[in-house]
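Working notes for the structure below.
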Amino acid sequence: MSLRLSASTVQEALDRADSRHWTRRPPRSPRARLAYLFKQNRHDIPALAHRLQTTTRDLEALSTTAPPPKDHPLYNRLEREVIRLWQPRVRRRAHDAILAHNGQMMLSFRAWLGFTAAAGSSDDPRLRFLTLSLTTPYPQRLFTARHNDAPEEDLHAILSDALGACYFHRDRPTPSGESVRLQRIDYLEFYY
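What the sequence shown shows, in the working numbering, is residues 20 to 211, in sequence order.
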């Protein structure tokens, strides 16, 4: 299973970190991936087509004809969905082990961060490249949201809160009215 060199979403970065704990390789061919996804979606072809942002006709054609080329959007969506769903029990065990040992994770990223101060002034987003240790309760919040299939916006908000607490406010309470806005992620990687 090929993973891109860098993640640009929080969900993808969490999935990449989880993949380091897998005990078996996920399906590699488009047909095998499609068979796995059919099984995971209880053979509900319209629901799977909606999730993959394609038509039922395209999915049916994929199961009988030649696979799409690697640069085709459906090929990439199949790969992402398999990575998202692969070995959920292994994923949970890894998360539980991390949380049982102080719940720390490392984060390396390059993104545009903005800062809003209590007086209402706002710092224009600036490109920052940082490596930080996220401490409790943020890893648990990220894992809980991931297990509940939270949308990317919720994961983004949790990560923004974590960056504010772990980078801008280190070991001191967050002043009221101050917040960190994670504008755009260029590169993101979790290590645990």
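Built from N, CA and C at the ideal position, the CB exists for glycine as well. None of the values given here were measured: they were computed from a predicted structure.
With 16 other Cβ atoms within 10 Å as the buried cut-off, status of residue i
i: residue 161; result: buried
i: residue 153; result: buried
i: residue 92; result: exposed
i: residue 30; result: buried
i: residue 37; result: buried
Whole-angstrom distance between residue j and residue i, CA atom to CA atom
i: residue 42; j: residue 131; result: 35 Å
i: residue 81; j: residue 179; result: 39 Å
i: residue 78; j: residue 28; result: 26 Å
i: residue 71; j: residue 171; result: 16 Å
i: residue 33; j: residue 83; result: 33 Å
i: residue 96; j: residue 48; result: 13 Å
i: residue 211; j: residue 26; result: 16 Å
i: residue 99; j: residue 50; result: 14 Å
i: residue 226; j: residue 35; result: In this structure the chain extends from 20 to 211, so residue 226 is not present and cannot be described.
i: residue 22; j: residue 184; result: Residue placement at residue 22 cannot be trusted, given a pLDDT of 49 that sits under 50; what the coordinates show is reported in the next sentence. Approximately 30 Å, taken between the alpha carbons.
i: residue 159; j: residue 122; result: 7 Å
i: residue 56; j: residue 147; result: 37 Å
i: residue 61; j: residue 74; result: 17 Å
i: residue 208; j: residue 85; result: 34 Å
Reduced DSSP category for residue i - H, G, I as helix; E, B as strand; rest coil
i: residue 118; result: helix
i: residue 20; result: Caution is warranted here: a pLDDT of 46 is assigned to residue 20, below 50, making its placement in the model unreliable, and no coordinate value can be reported.
i: residue 180; result: helix
i: residue 73; result: coil
i: residue 107; result: helix
i: residue 39; result: coil
Residue from the options with nearest C-alpha to residue i
i: residue 198; options: 34, 65, 91, 133; result: 133
i: residue 165; options: 146, 111, 135, 79; result: 111
i: residue 135; options: 163, 201, 108; result: 201
i: residue 143; options: 65, 203, 59, 52; result: 203
i: residue 106; options: 163, 147, 45, 123; result: 45
i: residue 155; options: 90, 163, 59; result: 163
i: residue 149; options: 108, 186, 101; result: 186
i: residue 87; options: 53, 182, 69, 39; result: 53
i: residue 104; options: 182, 59, 177; result: 59
i: residue 151; options: 124, 102, 73, 109; result: 124
Chain B within 9 Å of residue i, Cβ atoms only
i: residue 61; result: The question asks about chain B, but that chain is absent: this structure has only one protein chain.
DSSP beta-bridge partners of residue i
i: residue 133; result: 200
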